[in-house]
Amino acid sequence: MGQRVGVVATTPTIMRGVLSVLEEAGFQPVEVDGLGNWTPIKDGTAIVITVRDDSSREAMGTFCDDHPSVPVIAIAPANDVGTFGELVRAGASGVVGEDDPTDHLVQVLTSALEGWTAVPVAVARALAARVPPPADPTAWVGDGEISWLRALTDGATVSAIAADSGYSEREMFRVLQRLYQRIGVGNRTEAIVWATRNGLL
655 MGQRVGVVAT TPTIMRGVLS VLEEAGFQPV EVDGLGNWTP IKDGTAIVIT VRDDSSREAM
715 GTFCDDHPSV PVIAIAPAND VGTFGELVRA GASGVVGEDD PTDHLVQVLT SALEGWTAVP
775 VAVARALAAR VPPPADPTAW VGDGEISWLR ALTDGATVSA IAADSGYSER EMFRVLQRLY
835 QRIGVGNRTE AIVWATRNGL L
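So in our numbering, the last spot in the sequence shown is 855, and the numbers never skip.
Now the structure itself:
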């Protein structure tokens, strides 16, 4: 027998539809009359809930706060970027639109039970567009600093680099420390790895 999944729906039609889809997919769906009546273990390991207004979203958010380890799948009127973001921020593990194909519900629920969230491509692209691209590493280091990193890679001593650059050895150590801090590394080896990963060598 499949996993038990609690189902909270706003209408009998949606309830029957969700119960049918989950049962056909091998789950043991359990009709739950409101989130406050859901009992861990007895009623299942996950919840599928219809979220159509602010009160049902708030109820879902409260439930998620009280049961953070329980995967919650929200069925919403739409599964656009705004709705997806709002419901996931409120605690949902996944979101399915009311008009989505029924197999999407099963995919999203299965992913949530495995610790993942399934995201529509349009939502993923919109979310990715909000993340700034990585900065060009050459903006963090000047040409002279790149030559120092190359010299370090070739095994040059700090003393040799200092002599070539017109610094005292002590000052060169300080200059290299500032460079390491700027690129987020702690020592020569990490600096060489960083420069290699960023295509500077």
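In this text, a Cβ means the ideal position worked out from N, Cα and C, and glycines have one as well.
Give me the Cβ distance between residue i and residue j, rounded to the nearest whole Å; I'm assuming they're in contact under 8 Å.
| i | j | result |
| --- | --- | --- |
| VAL762 | VAL750 | 5 Å |
| ALA783 | PRO725 | Their Cβ separation, rounded to whole angstroms, is 27 Å, which puts ALA783 and PRO725 out of contact at 8 Å. |
| THR704 | VAL662 | 7 Å |
Can you tell me which of the options puts its alpha carbon nearest to the alpha carbon of residue i?
| i | options | result |
| --- | --- | --- |
| GLN682 | ILE701, LEU689, VAL775 | ILE701 |
| VAL829 | GLY680, ALA849, GLU799 | GLU799 |
| THR771 | ARG743, ALA793, TYR821 | ARG743 |
| THR665 | GLY688, SER747, THR811 | GLY688 |
Counting along the chain, where does the beta strand (DSSP E) carrying residue i start and finish?
| i | result |
| --- | --- |
| GLN682 | 682-685 |
| ARG804 | No beta strand (DSSP E) contains ARG804, which is instead part of the alpha helix (DSSP H) from 797-807. |
Which first and last residues belong to the alpha helix (DSSP H) in which residue i is found?
| i | result |
| --- | --- |
| ARG779 | 775-783 |
| GLY736 | 735-743 |
| GLU823 | 823-837 |
| TRP848 | 842-851 |
| HIS758 | 756-767 |
| ALA817 | 812-819 |
Based on the DSSP secondary-structure assignment, which residues constitute the bridge partners of residue i?
| i | result |
| --- | --- |
| ARG658 | GLN682 |
| THR704 | ILE729 |
| VAL750 | ILE729 |
Original post:
Does the segment 729-749 come close enough to the segment 764-779 to have 3 or more Cβ pairs within less than 8 Å?
Top reply: yes
Original post:
Would you call the segment 751-771 and the segment 716-733 in contact, with 3 or more CB pairs under 8 Å?
Top reply: With three or more CB-CB distances shorter than 8 Å, the segment 751-771 counts as touching the segment 716-733.
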